[in-house]
Amino acid sequence: MPVAAKISESVSKSSWIRRMFEEGLRLKAQFGNENVFDFSLGNPDLSPPAEFNDTLKALVEKNEGGVHGYMPNAGFDGVRAAIAERVSKEQGVDVQGRHIITSCGAAGALNVILKTILNPDDEVIVPKPYFVEYGAYIDNHRGRIVLVDTNPDFSLNIDNIRAALNGKTRAVLINSPNNPTGRVYAEKDIAALGALIKEHMESTGRIVYLVSDEPYREIVYDGVKAPSILKHCRQAIVVTSYSKTLSIAGERIGYIAVHPGCAGVEALLGGLILSTRILGFVNAPALMQRAVARLGGVSVDMSVYKNRRDLLMSGLESAGYDFARPEGAFYIFCKSPIPDDVAFVGHLQKFNVLTVPGSGFGGPGYFRIAYCVSEGVIQRAAPKFREALEALKT
Ligand SMILES: Cc1ncc(COP(=O)(O)O)c(C=O)c1O
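Per the working numbering, the sequence shown starts with residue 1, numbered consecutively.
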């Protein structure tokens with residue numbers, strides 16, 4: 001066999017998002033781009049803010065010797081200090097540059113963390129629906145994913161997490177604002193989770209981390225605010241990226257922020273730095289580190305996503321779909337009008353509307369609509385969503 005059995009099996013089971021993306025290419029070739037309504041990918045379509053391009057130009061023009069060379073694996077000290085200042089404000093906990101490790105996006109950061117903290121068969125509790133790559137990331141580092149149900153409105157169910165904690169648990173991995181549901185976890189639930197982890201650590205003597213994956217922290221609506229994680233849990237590690245806030249997902253830049261008061265903080269930081277090196281990242285991209293350090297507070301215009309969300313919600317509502325109003329990110333997790341979400345997503349395809357079955361996120365009975373598409377696409381897709389629903393009744 002040319003590739004390992006595990007990889008061969010994973011390739012054959014390629015993710016739903018990937019499958020829908022490929023289906024989109026096929027439909028676009030057949031019907032033309034403007035006649036296919038592709039809501040399958042969470043790939044930000046907005047241009048980065050002008051400040052990003054200006055900063056890059058200025059950085060490139062400087063062209064100082066060694067500027068593109070190797071650096072300490074955790075990143076440039078000045079960049080880490082600038083990020084720490086922002087994290088301290090955002091999280092309400094004083095973080096120093098040494099508690100920041102720059103990363104190749106949130107995906108790179110998660111792999112660095114899991115490599116650093118997992119022993120074989122250690123368990124990572126993940127509330128579902130969830131970002132499906134977590135399963136692969138945890139498996140990469142020989143851990144086991146343990147999925148727990150959220151409440152019917154997709155808020156955290158602390159009792160379910162309590163029931164899943166045991167002597168093998170190494171981490172609870174949460175994502176808020178959530179992909180695929182758009183739910184922002186409430187401050188009272190984050191506080192309860194922090195207390196639960198503390199209590200579990202005290203009773204077992206075992207370190208358990210709260211890993212908070214938050215690339216959508218700044219994409220929130222209607223005055224909702226994603227609560228601080230570090231304030232409510234000393235054993236927390238925050239992960240993020242600039243992929244969505246600056247619309248630069250292909251540039252692979254993000255960071256890890258470790259609570260300065262977490263048990264074993266020095267060993268953890270040393271491990272994260274080593275993992276960054278030996279996983280093959282070596283360090284986060286130099287140019288992007290310098291750019292984002294200068295762009296604190298700059299982001300794409302979030303009102304664009306809000307307008308799209310509102311437009312999509314009104315089209316879906318008037319057609320008769322049922323969904324929980326998203327508080328953040330750029331996804332609507334809509335109830336499938338028939339129990340089989342895979343079949344319904346197949347049905348929508350007949351109307352050239354591409355979405356992803358909830359089953360692909362551990363949320364069967366739903367489908368995900370990613371609104372990283374223009375308002376024009378949303379407007380033109382609205383009658384298709386309606387026709388698809390009406391066709392079920394005939
Ligand atoms: C919840 C979540 N975590 C992590 C990632 C990976 O982010 P990045 O591309 O910045 O590594 C994504 C990307 O869509 C995501 O939705």
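We put the beta carbon where it would ideally sit given N, CA and C, even for glycine.
Just so we're clear, the structure is a prediction, and the values are computed from it rather than from any experiment.
Please find out if some non-hydrogen atom of ligand 1 comes closer than 8 Å to the beta-carbon of residue i.
i       : result
Pro-215 : yes
Lys-244 : yes
Cys-262 : no
Arg-325 : no
Asn-179 : yes
Leu-147 : no
Phe-21  : no
Arg-252 : yes
Glu-133 : yes
Asn-175 : yes
Ala-106 : yes
Ser-241 : yes
Gly-363 : no
Gly-280 : no
Ala-291 : no
Gly-395 : Given that the chain is displayed from residue 1 to residue 394, the structure contains no residue 395 and the question cannot be resolved.
Ala-249 : yes
Gly-75  : no
Gly-182 : no
Leu-110 : yes
Gly-358 : no
Gly-296 : no
Gly-42  : yes
In chain order, what residues of the same chain lie with their CB nearer than 7 Å to the CB of residue i, ignoring the 5 residues before and after it?
i       : result
Lys-6   : none
Ala-284 : Gly-75, Thr-102, Ser-103, Cys-104, Ile-253
Ser-155 : Arg-183, Tyr-185, Ala-186, Asp-189
Ser-8   : Met-1
Leu-46  : Ser-247, Val-300, Val-304
In the DSSP assignment, the beta strand (DSSP E) including residue i goes from what residue to what residue?
i       : result
Ile-256 : 254 to 258
Ala-391 : It is not in any beta strand (DSSP E) - Ala-391 instead sits in the alpha helix (DSSP H) that spans 375 to 393.
Leu-210 : 209 to 213
Phe-367 : 366 to 370
Ile-237 : 236 to 241
Ile-17  : Not the beta strand (DSSP E): Ile-17 falls in the alpha helix (DSSP H), residues 16 to 31.
Ile-100 : 100 to 103
Enumerate in chain order the residues of its own chain whose CB-to-CB distance from residue i is below 6 Å, with the five nearest sequence positions on each side excluded.
i       : result
Asp-38  : Gly-24, Leu-354
Met-20  : Ser-40, Leu-354, Val-356
Ala-81  : Gly-97
Met-201 : Val-208
Arg-290 : Leu-59
What residue range does the alpha helix (DSSP H) around residue i cover?
i       : result
Glu-266 : 265 to 278
Ser-12  : 5 to 12
Which same chain residues, not among the five before or five after residue i, have their C-beta less than 8 Å away from its C-beta?
i       : result
Val-60  : Leu-287
Ile-219 : Pro-177, Lys-244, Thr-245, Met-302, Tyr-305, Gly-328, Ala-329, Phe-330
Verify the contact flag: residue i, CB atom, against every heavy atom of ligand 3, threshold strictly below 8 Å.
i       : result
Glu-199 : For ligand 3, the structure offers nothing, since it holds only ligand 1.
For this session: Write down every uninterrupted run of the beta strand (DSSP E) in the segment 153 to 196 whose length is 3 residues or greater and which is fully enclosed by it, in chain order.
Result: Within the segment 153 to 196, the complete beta strand (DSSP E) runs of at least 3 residues fall at 169 to 175.
Exercise. Which residue spans inside the segment 294 to 357 form an unbroken alpha helix (DSSP H) run of at least 4?
Worked result: Counting whole runs of 4 or more residues, the segment 294 to 357 contains the alpha helix (DSSP H) stretches 302 to 319, 341 to 349.
For this session: Entirely within the segment 33 to 90 and at least 4 residues each: give me those alpha helix (DSSP H) ranges in chain order.
Result: With a minimum length of 4 residues, the continuous alpha helix (DSSP H) runs that stay inside the segment 33 to 90 are 50 to 62.
Exercise. Would you call the segment 252 to 268 and the segment 98 to 114 touching, i.e. three or more CB-CB distances under 8 Å?
Worked result: Three or more Cβ pairs closer than 8 Å define a contact, and the segment 252 to 268 meets that threshold against the segment 98 to 114.
For this session: Inspect the CB distances between the segment 130 to 145 and the segment 155 to 162 and report whether three or more fall short of 8 Å.
Result: By the C-beta criterion, the segment 130 to 145 is judged not to be in contact with the segment 155 to 162, since fewer than 3 inter-stretch pairs fall below 8 Å.
Exercise. At what residue ranges does the segment 116 to 148 contain a whole run of the alpha helix (DSSP H), taking only runs of 4 or more?
Worked result: Complete alpha helix (DSSP H) runs here, min 4: 133 to 140.
Exercise. So, do the segment 187 to 204 and the segment 224 to 238 have three or more beta carbon pairs nearer to each other than 8 Å?
Worked result: With three or more CB-CB distances shorter than 8 Å, the segment 187 to 204 counts as touching the segment 224 to 238.
Exercise. Are at least three pairs of beta-carbons, each pair with one atom in the segment 340 to 352 and one in the segment 307 to 326, less than 8 Å apart?
Worked result: No contact exists between the segment 340 to 352 and the segment 307 to 326.
Exercise. If you pair each beta-carbon of the segment 333 to 344 with each one of the segment 314 to 324, do three or more pairs fall below 8 Å?
Worked result: In the pairwise beta carbon analysis, the segment 333 to 344 is classified as touching the segment 314 to 324: at least three pairs are separated by under 8 Å.
For this session: Please determine if the segment 167 to 177 and the segment 114 to 128 are in contact, where contact requires at least 3 C-beta pairs separated by less than 8 Å.
Result: A contact is defined here as three or more CB-CB pairs under 8 Å, and the segment 167 to 177 meets this definition with respect to the segment 114 to 128.
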